[in-house]
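Residue numbers (my numbering): 245 to 276. Where is the CB? At the ideal position from N, CA and C, for every residue including glycine. Note that the structure is predicted; figures quoted are calculated from it, not measured. One structure below.
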């Protein structure tokens, strides 16, 4: 769910910060 939200935000804003948030979400998902 969080990854989908991060992806939606990244698509809407397209900023580096949002891209990093998306990458962090995937990294956290892979760790868990």
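{"Asked": "Hey, residue 250 and residue 265: beta-carbon distance below 7 angstroms or not?", "Found": "yes"}
{"Asked": "Tell me whether the beta-carbon of residue 262 lies closer than 7 angstroms to the beta-carbon of residue 274.", "Found": "no"}
{"Asked": "My guess is that residue 269 and residue 246 are in contact by the Cβ rule of under 8 angstroms, so how many angstroms apart are they, rounded?", "Found": "5 angstroms"}
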